[in-house]
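K.L.:
Mapping of the sequence shown onto the UniProt record's numbering: position 197 corresponds to residue 197, and the numbering continues sequentially without gaps.
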Amino acid sequence: MNFAGKVVLITGASSGIGAAAAKQFAGLGASLALAGRNLDNLKQVASECSPGNKAPLLLTGELTNEKDTEEIFQKTITHYGRLDILVNNAGIIETGSIENTNVQQYDRVMNTNVRSLYHLTTLAVPHLVKTKGNIVNVSSVNGLRAFPGVLAYCLSKAAVDQFTRCVALDLAPKQVRVNCVNPGVTITNLHKRGGMNQEQYEAFIKRSSETHALGRPGKPEEVAQTIVFLASDDASFITGATIPVDGGRHAMCPR
Ligand code: NDP
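(1) Return the bridge partner residues of Ala35 from the DSSP annotation.
(2) Quick one: does the C-beta of Leu144 sit closer than 7 Å to a heavy atom of ligand 1?
(3) Buried or exposed: where does Lys157 fall if 16 or more other Cβ atoms within 10 Å of its Cβ makes it buried?
(4) Given His250, which residues of its chain have a CB within under 8 Å of its CB, disregarding the five upstream and five downstream residues?
(5) What does the Cβ neighbour count give for Pro126, buried or exposed, with the cut at 16 atoms within 10 Å?
(6) In three-state DSSP terms, what is Thr239?
(7) When you compare the CB positions of Gly61 and Gly12, do they come within less than 8 Å of one another, or not?
(8) Comparing the CB of Thr101 with every heavy atom of ligand 1, is any distance shorter than 7 Å?
(9) Counting Cβ pairs closer than 8 Å, one from the stretch 74–88 and one from the stretch 125–139, do we hit at least three?
(10) Closer than 8 Å by C-beta to Leu169: which residues in its own chain qualify, once you throw out the five before and the five after it? Chain order, please.
(11) Taking Pro126 as part of the beta strand (DSSP E), name the residues at either end of that continuous run.
(12) I need the boundaries of the alpha helix (DSSP H) containing Pro220, first residue and last residue.
(13) Would Lys24 and Gln162 qualify as a contact pair, given that the criterion is a beta-carbon distance under 8 Å?
(14) State yes or no: is the C-beta of residue 259 within less than 8 Å of the C-beta of Leu34?
(15) Can you give me the C-alpha to C-alpha distance between Ile135 and Asn53, rounded to a whole angstrom?
(16) With distances taken Cα to Cα, identify the nearest neighbour of Val223 among Gly18, Leu9, Val7.
(17) Classify Lys6: buried if its beta carbon has 16 or more other beta carbons within 10 angstroms, exposed otherwise.
(18) For Ser216, which residues does DSSP report across the bridge?
(19) In terms of DSSP beta bridges, what is Val245 paired with?
(20) Let's see if you can read the secondary structure: which residues bound the beta strand (DSSP E) around Asn137?
(21) Does ligand 1 have even one heavy atom less than 7 Å from the beta-carbon of Val228?
(22) Indicate, with yes or no, if ligand 1 has a heavy atom lying under 7 Å from the CB of Arg193.
(23) Hey, could you find the ends of the beta strand (DSSP E) Ala10 is sitting in?
(24) Val160 and Asn179 - do their beta-carbons sit closer together than 8 Å?
(25) Run through DSSP, which three-state label would Gly96 get?
(26) Find the nearest neighbour of Ile10 within the set Met1, Asn2, Ala20, Ala4, judged by alpha-carbon distance.
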């Protein structure tokens with residue numbers, strides 16, 4: 001795989017899966033636009049990217065704010081003059097079942113995980129059509145399967161999966177591929193930011209040995225490897241796919 005001459009825009013590149021993807025794309029020669037809210041963390045990720053590369057363009061902004069999203073996108077095009085790959089990775093999780101969720105939670109989760117991705121993709125598509133580029137969305141096993149207690153999150157990721165398939169069909173005649181990865185539990189900041197304290201998080205990670213067939217949670221680098229593969233020419237005949245990177249969790253049923 002070689003991304004020399006390719007421009008890759010990654011959202012949520014300041015942490016977890018997005019940061020791991022940034023480092024892998026950099027190692028394969030890509031020119032990077034890295035978006036996040038925390039500039040210090042973005043700088044840290046950039047400093048860990050392959051030194052042989054041009055310094056990544058760092059872009060801060062709140063993706064639920066349309067102006068910020070437009071600015072992030074416009075600055076990428078102004079800087080590089082093109083876009084080859086969009087990785088829609090930024091996302092949040094919140095807990096809540098139908099008995100204790102509310103529409104405010106629905107709005108927060110859907111606005112971040114779906115609306116902002118929908119918006120950024122509309123901006124990117126004319127440029128991806130020009131370069132015959134591709135899109136990789138970061139969904140979740142929660143898009144493929146139902147879990148109790150994370151209703152808004154499951155809905156948002158099912159929407160990302162269907163968005164992936166629909167946009168893949170819209171853009172296939174133009175040779176733009178659109179795919180997504182569906183990670184299982186992956187060790188990042190996501191769950192603690194979603195409200196788990198250290199003790200709850202440790203118990204959750206421990207339980208992942210039972211809830212994932214391979215007997216452990218995933219690492220961000222393992223998800224990033226599949227993102228990079230889907231974005232590469234090695235995946236030239238794959239579009240509309242939702243690829244679990246979840247240690248077999250999607251295939252499991254309680255017994
Ligand atoms: P992290 O919390 O480690 O990273 C989330 C990233 O998204 C950060 O870079 C954060 O920016 C950014 N982000 C979140 N909300 C916004 C926003 N409103 N505007 C701009 N940027 C935002 O989590 P992960 O790396 O785990 O999450 C990445 C993706 O992977 C998400 O879509 C998540 O749903 C998905 N996923 C994760 C799993 C897991 O177990 N970790 C499992 C399945 C899917 P900043 O830090 O700068 O604020």
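All C-beta atoms, glycine included, are put in the ideal place defined by N, C-alpha and C.
P.N.:
Reading off the structure:
(1) Leu59
(2) No; taking the cut-off as 7 Å, the Cβ of Leu144 has no heavy atom of ligand 1 nearer than that.
(3) buried
(4) Val141, Leu144, Arg145, Asn182, Gly184, Pro244, listed in sequence order.
(5) Exposed, since its Cβ has fewer than 16 Cβ neighbours within 10 Å.
(6) Here Thr239 sits in coil by DSSP.
(7) Going by C-beta atoms, Gly61 is not nearer than 8 Å to Gly12.
(8) no
(9) yes
(10) Gly240
(11) In the DSSP assignment, Pro126 falls outside any beta strand (DSSP E) and within the unbroken alpha helix (DSSP H) covering 116–131.
(12) 220–231
(13) Rather than Lys, the amino acid found at residue 24 in this sequence is Gln. No, they are not a contact pair.
(14) Residue 259 is absent from the model: the chain starts at 1 and stops at 255.
(15) 22 Å
(16) Gly18
(17) buried
(18) According to the sequence displayed, residue 216 carries Arg and not Ser. In the DSSP assignment, Arg216 is bridged to no other residue.
(19) Pro183
(20) Boundaries of the beta strand (DSSP E) harbouring Asn137: 134–138, taken from the DSSP string.
(21) no
(22) yes
(23) A small fix is needed here, since residue 10 is Ile in this sequence, not Ala. Element bounds for Ile10: 7–10.
(24) no
(25) strand
(26) Ala20
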